[in-house]
Each structure stands twice: as C-alpha cells, then as structure tokens.
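Going left to right, the sequence shown walks through residues -15 to 130 as my numbering numbers them.
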Amino acid sequence: MPWSRCGSRRSPSTGTRHGRNATRIFLLPTSSRRSPSCLFFVAVLGERIVGTVMGGYDGHRGWMHSLAVDESVCRHGIGTRLVAHVESTLTELGCPKLNLQIQSAKTELRGFYEALGYRADAVISLGKRLGELAAPAPAKAPVSAS
Ligand SMILES: CC(C)(COP(=O)(O)OP(=O)(O)OC[C@H]1O[C@@H](n2cnc3c(N)ncnc32)[C@H](O)[C@@H]1OP(=O)(O)O)[C@@H](O)C(=O)NCCC(=O)NCCS
-15 MPWSRCGSRR
-5 SPSTGTRHGR
5 NATRIFLLPT
15 SSRRSPSCLF
25 FVAVLGERIV
35 GTVMGGYDGH
45 RGWMHSLAVD
55 ESVCRHGIGT
65 RLVAHVESTL
75 TELGCPKLNL
85 QIQSAKTELR
95 GFYEALGYRA
105 DAVISLGKRL
115 GELAAPAPAK
125 APVSAS
C-alpha cells in the first residue's frame, strides 16, 4: 500500500508522466453514500493502487486522513484529485467543514494542503490511546489537610 511506500522520498522526476490522465479513482465498497462515516478512495493506475485517502462525516464535521501517494507517481496531481473526491463527496452530504491533522514535523505537507486552501485552525489537538495501547492513568495529587 502507498502508506508503507512513501516513507523515503525521492525526486518526483523518477516517476513517469502518466499519472495525471491515466489514474482512475474509486470509492471502495466499504463506503456508502447513505452511511458516510467511512469513505475510502483509492487511485488505481493500470492494476496498481497508487494512492489512498480516508474520510468521514459524523453530521457535524468532516475528517480526512491517511492520504498517501506512491512515491513513483508523486507530483502528478493524484493527491490533489484524492482530496477533491473527499471534498466533493462531503460537500454533497452537507458537511460544512473538513478537518485534518498533520504531524508538525512534516512541514512539506503543510505546503501541499495550503495550496489546496487549507489553513491552520487555532486549536489544540488532543488524543488518547485506548485499550491495550492505553497509558496508565496519572497519579492523583495528594489532598491537602488544611
Ligand atoms: C503529500 C502527498 C499526498 C502529495 O501527493 P501528490 O500526488 O504528490 O500531490 P500533487 O501532485 O497533487 O501535488 C499538488 C501540489 O501540491 C504541492 N506539493 C505536493 N507535494 C509537495 C511537497 N512534498 N512539498 C511541497 N509542496 C508539495 C505542489 O504545489 C504540487 O503542485 P506541483 O507538483 O505542480 O508543484 C504525497 O506526497 C504523499 O503521499 N506524501 C507522504 C505521505 C504523507 O505524509 N501523507 C499525509 C498523511 S496526513
């Protein structure tokens, strides 16, 4: 899958120029327009999956994550088209705002998304791991006797 292939980046020129016109984008059957909590688009070139993105809409906000394009076809517009598919699907569903998170160390991603009209929100992103990955709860501070 592209997620595992895009860890080390090479020059976009190592790819061929066939990506922009030949790539088809599919909505996988795990997704349903009547139940849009999980959208999963894949970009297919020939018989090869070269891009993925997931999204969803809970009735309040839309989310997009797991965008990845195979490094051999990066900078051919596939990432832009995948994002556009999530945006248009959520817009049709009446979603008023689409949110996403990027790791702060991945500064190049900010340029990609800003070119598509995304801007940083004044929010703090919080997360908590659940189940087996959960961290032990912090010890409570002792109660003062006074
Ligand atoms: C980020 C990513 C999805 C972009 O996909 P892509 O198909 O290469 O993007 P596009 O070809 O649609 O790029 C459109 C524009 O975005 C900008 N852009 C794309 N990648 C960029 C990068 N690494 N740095 C800066 N700008 C970038 C450029 O302006 C580009 O236009 P140009 O090629 O005409 O200069 C892809 O590089 C990737 O999979 N990266 C690693 C995985 C990852 O970190 N995913 C995000 C998880 S949240």
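From the three backbone atoms N, C-alpha and C, an ideal C-beta is built for every residue, glycine too. All values derive from a computational prediction rather than experimental measurement.
Let me check one thing: in DSSP terms, what residues is residue i bridge-paired to?
i, result
"Val28", "Arg8 and Ile33"
"Gly46", "Tyr41 and Leu82"
Pick helix, strand or coil for residue i, following the three-state DSSP scheme.
i, result
"Gly40", "strand"
"Gly(-9)", "Bear in mind that a pLDDT of 43 at Gly(-9), under 50, signals an unreliable position, so the number given afterwards is only what the model happens to contain. Three-state DSSP puts Gly(-9) in coil, outside helix and strand."
"Val57", "helix"
"Leu51", "strand"
"Leu117", "helix"
"Leu23", "strand"
Can you tell me where the alpha helix (DSSP H) holding residue i begins and where it ends?
i, result
"Ser72", "Ile62 to Glu76"
"Gly95", "Thr91 to Ala99"
Is residue i a contact residue of ligand 1, with contact defined as CB to any heavy atom under 7 Å?
i, result
"Ile33", "no"
"Ala99", "yes"
"Lys90", "yes"
"Ile86", "yes"
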